[in-house]
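So the structure is just underneath, and the comments pick up after that.
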Amino acid sequence: YLSLFCRQALCPVPLFAHLVLLLSSVLSPAVSIHMEYIESHSEFSCEPIRLRMCQDLPYNTTFMPNLLNHYDQQTAALAMEPFHPLVNLVCSADLRMFLCALYAPVCTEYGRVSMPCCGICRRAKDECNKLMEIFGLTWPEDMECSRFPDCDEAYPRPEDLLASPEPTDQSSLTVQRDYGFWCPRELKIDPELGYTFMGRKDCSPPCPSMYFSQKELTFMRYFIGVIAILCLSQRVIVLFNVFRFRYPERPIIFYAVCYVMVSLVFFLGFLLNEKVACNAASPAQFKAATITQGSHNKVCTLFFMVLYFFTMAGSVWWVVLTITWFLAAVPKWGSEAIEKKALLFHAVAWGLPGALTITLLALNKIEGDGISGVCFIGLYDIDTLRWFVLAPLCFNVAVGVALLLVGIVALNRVRMEIPLEKENQTKLVKFMIRMSIFSVLYLVPLLTVIGCYFYEHTYRSLWETTWMEENCKRYHIPCPYKVEQTSHPAMVLFLIKYLMMLVVGIPSVFWVGSKKTCYEWASFLQGRRRKE
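Numbering (the working numbering), first residue to last: 104 to 635.
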């Protein structure tokens, strides 16, 4: 009953804690446990006034951040220092009350803060103006009297400063304001780990997902798992064709190997469920399951390194493929001439993704994906998504498409202008068709993935605001003020994103799929049977 009363009345937490400790020494240990439950909810509560200037006021509790956005009383005290001489000299009987109502506002009702009246502000400013000039002080812009409501045209008495919550005909004397996101106790993380969530340090999103229900998550996980198995089984075919293809076609093999590894990571994430992507809940410490961040989880770090490295490497190998096609079509390089540049191709295709991966490890930007069970980047950090996922992929697409178009135009010009034998004409046309189909099969999934990332990039902040509005009461944190629009992410778009991330490597199977490939597999399987 005591906890219910204090939560409704917003009584000071320290006072409540002392009362419960006193009762717990007399009654039973269960009461002290209940006290821990109450304290576990949130920082969003009244707190005793510790400002030296604001002692012995008609009220003794305040709330931070105050009207000037000072997030703790120590910061507010430093900001009040210049006014101490004016208060000590009593240039105005209202100055001290006005300053305290501004820097340490009375804590009255959840999410509401009483503002000082405009009249008392004008009187304090007018009466202290000359003394301020002597001390070289100026009235701060954020304390302009026009910002405050008119309580009474005949300046109110100091004790009338604390306006009632009920609005008057002229204007509301209490204002509700947006306090931003306050991390609840349930989502708090050890400061040494360096977690962040919605701009707050030492905080992490709830796991497995803050947007989807458990039923939706189960469907999405099995969907990703089935697609990963299918893609993995198909791409293994390519691994037996490493030495069959020469340049300019050889990059297709390395491109396929990259997406074999991508499929493997998603398959392992499906098997491990959320064990890697999530930190386990701790009910005894009032900790909910949260998303893994950083590199302290070794398996999560390994998943990220493999997934990100091979995703970026696969994209770069496609660009290398377009470069080799360009060299073969425009300057008419032969296979041997292109192969001499193989070392350079490998250095670029493996080196650039490696450098990006190491950079992200140094920046500690790894995030668990509670939906797929893997670890990646940019799932909650929009800046990382923008610069380390969208920017490289868009650059690779732009370069690859430009080289591809130039190569196709050059080959078509060769076909039209130079007389070739019928057999060679047919081979050239088939090659151009295969190259075009391969590129379309690669670009459509990749562009779809980029589109999904842009969708997340655009609506992420709106989703977070919606989530905060729907869960603020549950977590006992300030609710957003004046939310004009709410939105939930579409599950189908997330399914499309994961599907396209996995099938983007399918074109390699299309390229190597032929009768010769089937014969090679048949010979391999027959050899295994003979050995058995």
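Yeah, the Cβ is synthetic: ideal placement off N, Cα and C, and Gly gets one too. From a predicted model like this one, the values you see are computed outputs, not experimental measurements.
At a Cβ-Cβ threshold of 8 Å, VAL379 and PHE406 count as neighbours. Between GLN528 and ARG516, the beta carbon gap of about 14 Å keeps them out of contact (Cβ cut-off 8 Å). Of MET408, LEU531, ILE356, the smallest CA-CA separation from VAL423 is found for ILE356. ARG303 sits in a strand when the DSSP states are folded into three classes.
For ASP229, the uninterrupted alpha helix (DSSP H) run begins and ends at 221 to 238, by DSSP. Distance between THR427 and LYS530, taken at the CA atoms: about 18 Å. Per the DSSP secondary-structure output, GLN176 pairs with nothing in a beta bridge. Excluding residues up to 5 positions away in sequence, CYS361, ALA452, TRP453, PRO456 lie with their Cβ nearer than 7 Å to the Cβ of ALA416 in the same chain. ARG563 has its alpha-carbon roughly 38 Å from the corresponding atom of MET183.
For SER217, the closest C-alpha among the options ASN232, PHE201, SER249 is that of PHE201. A straight-line Cα-Cα distance of about 8 Å links ILE609 and GLN337. Here LEU463 is buried: its Cβ has 16 or more other Cβ atoms, across all protein chains shown, within 10 Å. Between PRO252 and CYS220, the CB-CB gap stays under 8 Å. Between the alpha carbons of GLU572 and VAL419 lies a distance of about 42 Å. Rounded to the nearest whole angstrom, the CA to CA distance from GLU377 to LEU565 is 25 Å. From the listed residues PHE534, THR551, GLU559, the smallest Cα separation to ALA432 is found for PHE534.
A distance below 8 Å separates the beta carbons of THR425 and GLY510. Less than 8 Å separates the beta-carbon of SER312 from that of ILE474. Counting every other CB atom within 10 Å of its CB across the protein chains shown gives PRO386 a total below 16, marking it as exposed.
Between the C-alpha atoms of CYS286 and PHE186 there is a straight-line separation of about 33 Å. Counted as a single uninterrupted DSSP element, the alpha helix (DSSP H) harbouring GLY372 occupies residues 354 to 375.
For THR164, same chain residues with a beta-carbon under 7 Å away, outside a window of 5 residues either side, are PRO115, CYS149, GLU150, PRO151, ILE152, CYS210 in chain order. Counting only runs that start and end inside the region 462 to 488, the alpha helix (DSSP H) elements of at least 4 residues fall at 485 to 488. Sorting LEU602, VAL607, SER611 by C-alpha distance to the C-alpha of ARG324 places LEU602 at the top. Between ALA392 and PRO308, the C-beta gap is not smaller than 8 Å, which leaves the two residues out of contact.
Listed in chain order, the non-local C-beta contacts of PHE300 below 6 Å within the same chain comprise CYS306, SER307, PRO308, local neighbours out to five positions each way being set aside. Of ARG353, SER316, VAL363, the smallest CA-CA separation from LEU335 is found for VAL363. The C-alpha of TYR206 lies about 7 Å from the C-alpha of LEU170.
Secondary structure remark: continuous alpha helix (DSSP H) runs of at least 4 residues inside the region 484 to 564, in chain order: 485 to 488, 494 to 520. Annotation: CYS497 to GLN588 spans about 30 Å, alpha carbon to alpha carbon.
Inter-residue distance for GLU442 and PHE479 is about 34 Å (C-alpha atoms, whole angstroms).
Boundaries of the alpha helix (DSSP H) harbouring GLY417: 401 to 432, taken from the DSSP string. Annotation: ILE332 to ASN172 spans about 52 Å, alpha carbon to alpha carbon.
Looking at the DSSP output, PRO151 bridges to THR164.
Shown here for ILE599: same chain residues with a beta carbon closer than 8 Å to its own, the five before and five after excluded, namely THR551, CYS555 in chain order.
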